[in-house]
Amino acid sequence: MFKLARFIKGKALLFTIIGVICVMAAAYFDASQPTFLNDAISSISNLTQHWWGDGTPGWGHWTSADGTILYAFWPAIIMMAIYASCSLTTGLAGSFLGSAAALYAAMNTRNGMYGKIQTYSFYEVDKLSTASLITRLSNDVQKHQINLQMILTMLFRAPVTIVISLINAFTPPMGNVTYGCITIGIVVVMLLVVGIIGSRVLPIFTKAQKKLDGTNTVMRENILGARVVKAFNIQNNQHERYEAENKELKRLNIRGQALMLPIMSIITFILNAGIIIILIVAGVQFVNPSGSHPAINAGIFAFTQLIIIVLFSSMIAVMVIVNSTRTYASVKRINEVLDTNSSIVDSQTPISIPNNYSLKFDHVNFKYSTTSEANVLDDINFEVTSGTTLGIIGGTGSGKSTIASLIPRFYDVSSGSILIGGVNIKEASTSQLNDVVSVVLQESVLFSGTIESNLKFGKQDASKEEMIEACTNACAWDFIEAMPKQLESEVEQRGRNFSGGQKQRISLARTLIKKPKILVLDDTTSALDLITESRVQENLQKNFKDTTTLIISQRISSVKNANKILVLENGRIIGQGTHQELVKTNDVYRQIVDSQLGKEGME
Numbered sequence: 002m003f004k005l006a007r008f009i010k011g012k013a014l015l016f017t018i019i020g021v022i023c024v025m026a027a028a029y030f031d032a033s034q035p036t037f038l039n040d041a042i043s044s045i046s047n048l049t050q051h052w053w054g055d056g057t058p059g060w061g062h063w064t065s066a067d068g069t070i071l072y073a074f075w076p077a078i079i080m081m082a083i084y085a086s087c088s089l090t091t092g093l094a095g096s097f098l099g100s101a102a103a104l105y106a107a108m109n110t111r112n113g114m115y116g117k118i119q120t121y122s123f124y125e126v127d128k129l130s131t132a133s134l135i136t137r138l139s140n141d142v143q144k145h146q147i148n149l150q151m152i153l154t155m156l157f158r159a160p161v162t163i164v165i166s167l168i169n170a171f172t173p174p175m176g177n178v179t180y181g182c183i184t185i186g187i188v189v190v191m192l193l194v195v196g197i198i199g200s201r202v203l204p205i206f207t208k209a210q211k212k213l214d215g216t217n218t219v220m221r222e223n224i225l226g227a228r229v230v231k232a233f234n235i236q237n238n239q240h241e242r243y244e245a246e247n248k249e250l251k252r253l254n255i256r257g258q259a260l261m262l263p264i265m266s267i268i269t270f271i272l273n274a275g276i277i278i279i280l281i282v283a284g285v286q287f288v289n290p291s292g293s294h295p296a297i298n299a300g301i302f303a304f305t306q307l308i309i310i311v312l313f314s315s316m317i318a319v320m321v322i323v324n325s326t327r328t329y330a331s332v333k334r335i336n337e338v339l340d341t342n343s344s345i346v347d348s349q350t351p352i353s354i355p356n357n358y359s360l361k362f363d364h365v366n367f368k369y370s371t372t373s374e375a376n377v378l379d380d381i382n383f384e385v386t387s388g389t390t391l392g393i394i395g396g397t398g399s400g401k402s403t404i405a406s407l408i409p410r411f412y413d414v415s416s417g418s419i420l421i422g423g424v425n426i427k428e429a430s431t432s433q434l435n436d437v438v439s440v441v442l443q444e445s446v447l448f449s450g451t452i453e454s455n456l457k458f459g460k461q462d463a464s465k466e467e468m469i470e471a472c473t474n475a476c477a478w479d480f481i482e483a484m485p486k487q488l489e490s491e492v493e494q495r496g497r498n499f500s501g502g503q504k505q506r507i508s509l510a511r512t513l514i515k516k517p518k519i520l521v522l523d524d525t526t527s528a529l530d531l532i533t534e535s536r537v538q539e540n541l542q543k544n545f546k547d548t549t550t551l552i553i554s555q556r557i558s559s560v561k562n563a564n565k566i567l568v569l570e571n572g573r574i575i576g577q578g579t580h581q582e583l584v585k586t587n588d589v590y591r592q593i594v595d596s597q598l599g600k601e602g603m604e
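Right under this line is the structure:
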């Protein structure tokens, strides 16, 4: 929890300092009240009523036993009113500033987490999972914010109140050593109860947060895949699946709450028991006073208020501690995000990639997890000279997309090396690598905004002419030009107001606007008709002659005209050559051609 203190900075730090000072001042004003109450009660206890001459009570006035005018009562009452007003003012200020500090700290924490996530490679995102990261950024940070707010507005107030009150509890005439020791004993008992319950609650809430990740995963899958769910009419099945996850989450939370809920009742019982013990001790001292224990006096009423303040402050501290115990699981999950470093790191002495954009895979092996037994890619060797086109084809699960992810270092190879212009990509800076390599992934993701804002992901300062040129090369300008607002047309979340083929073409234009040196197309034209796909390929061949291009596809038509074609199966290269060469020498390639193009494709 202390690790997150670094996010209490800027306005959060300023509000924290001023807020804590206000809260501690309010605690001082509260803890001083019993002293003034003791003075007021003591002054009254020494008074007698003035009687009229005939011996009957009249409209007389109160005077002290020695006949002097009452002089201690009203000053004590006035001081109580002043301190109460000061407590109210500083307490309200402390609560407001503490809440504001917690909000700013939570904002800083989210920004820090989001910035850290942006540095992750695909491996870290896969490991923590998208649903879990969303939960940590939202639910876990919110719990941390609430807990921090309680600490700043309540926990700092309690110790000051308790310390001042305990000093008064040991100090005559209101208190003595016996009263003080009893008070300390009660506080210790309260803390022990909280410690025992907290140690049992923490593991339960840790499991509950993990189960919340599972619930969010199911929810996210079904919301994003709503069309698939409806298409297969499996709404009931998916609802039952979500309900099962939700029931388990409910069970864990009920179990944790069942342990936590009795705490307040137990603490209230201890508070009342403490008052009873103090009164019993005071009564015994009154009946049988000794030299070390003064007889009971009117100040016991003030001491009763003091003990209530001590125990109430202890109860507040316990509430914060209990909540902190529950929040600890969320804080650990936040710290896990912040402490996880990307497995993709820059070389301390990066080497510049020369103006030679050839690409070479040298005995590359890869597995997504170190615990996996089999490689996803096994001894991959090939080379693409600068300015030429390589086609990669194979069945589902053959490793095509994995190759696409390795070139820009979304993942690092398990062994072997990938070289661009003779330079190992691990020795080049990731910023230069991103400038050189552009990838259009299988899933065409558009962001809410406009077509223009999406295109500027590729080049922030792109002119309108550059955007139109990129869209023309991607065969997207035809339908964009027909829209009323053209480049200013709205893009809804994930581009749901565009067809699959339109999203693919906008995504391709977003990449082409960068004028990449190495272009990797991972099944980019799968949603396009053959005519549009052919036009896209012609534009690439005509306008990107100097670009090294990798076309990954399951369509023969997409790779047929490449300078070289690789055939993958189960993560291994089982054939490479031109279309004509593979038709003659590779049975797998020939079967694919025959199934898609028939005998005419063999020519």
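So in the numbering used here, spot 309 of the sequence shown is number 310, and the numbers just go up one at a time. All residues carry an ideal CB built from backbone N, CA and C; glycine is no exception.
- Scanning A429, K565, S445, S449 for the CA closest to the CA of Q349 turns up A429.
- Straight through space, the alpha carbons of G99 and R158 are spaced by roughly 12 Å.
- The C-beta separation of F30 from Y84 comes to about 4 Å, placing the pair in contact by the 8 Å criterion.
- Per DSSP, F30 is one residue of the alpha helix (DSSP H) stretching across 12-32.
- Burial check for H580: the Cβ neighbour count within 10 Å reaches 16 or more, so the residue is buried.
- Annotated three-state conformation of Q577 is strand, per DSSP.
- About 5 Å separates the Cβ atoms of V560 and I394, confirming a contact at the 8 Å cut-off.
- For T328, the secondary structure class from DSSP, reduced to helix, strand or coil, is helix.
- Just measuring C-alpha positions, the residue of L420, S33, V437 sitting nearest F362 is L420.
- Within the segment 538-583, the runs of beta strand (DSSP E) that reach at least 3 residues and sit entirely inside it are, in chain order, 549-554, 565-570, 573-578.
- In the displayed model, D380 falls within a strand according to three-state DSSP.
- S331 is classed as buried because its beta carbon has at least 16 other beta carbons within 10 Å across all chains shown.
- For F362, the pairing in a beta bridge is given by DSSP as F383, I419.
- Straight across, the Cα-Cα distance linking V568 with N140 is about 46 Å.
- Annotated three-state conformation of L598 is helix, per DSSP.
- Distances from the alpha-carbon of V365 to those of G396, D413, G423 put D413 closest.
- Of the candidates A477, I452, T525, S508, the residue whose Cα lies closest to the Cα of E489 is I452.
- Among the bridge pairs identified by DSSP, T451 is matched with E491.
- Bridge pairing for I519: V438, T549 [DSSP].
- Sequence-distant Cβ neighbours of Y124 in its own chain, meaning closer than 7 Å and more than five residues away, are S344, Y412.
- Pairing L442 with A510 gives a Cβ-Cβ distance that is not under 8 Å.
- The shortest C-alpha to C-alpha distance from G396 to any of I574, A106, G450 is the one to I574.
- DSSP places G395 in the uninterrupted beta strand (DSSP E) bounded by 390-395.
- Separation of E246 and V219 (C-alpha to C-alpha, rounded to the nearest whole angstrom) is 8 Å.
- V424 sits in a strand when the DSSP states are folded into three classes.
- For K144, the uninterrupted alpha helix (DSSP H) run begins and ends at 142-151, by DSSP.
- DSSP places F411 in the coil class of the three-state scheme, outside both helix and strand.
- Under a 10 Å Cβ-count criterion, D127 is classified as exposed, with fewer than 16 other Cβ atoms of the shown protein chains found around its own Cβ.
- T162 is the residue among Q538, K465, T162 whose C-alpha sits nearest the C-alpha of Q306.
- Sixteen is the threshold: since fewer than 16 other Cβ atoms of the shown chains lie within 10 Å of the Cβ of M484, the residue is exposed.
- Going by beta carbons, L203 and Y105 fall outside the 8 Å limit.
- By alpha-carbon distance to T512, the top candidate from V438, K546, R556 is V438.
- Selection G95, A259, M316, V338 evaluated against F270 yields M316 as nearest (Cα-Cα).
- DSSP places V164 in the uninterrupted alpha helix (DSSP H) bounded by 158-171.
- Taking 8 Å as the upper bound for CB-CB distance, I553 and S402 are in contact here, some 7 Å apart.
- Assignment of beta-bridge partners to F367 by DSSP yields L378.
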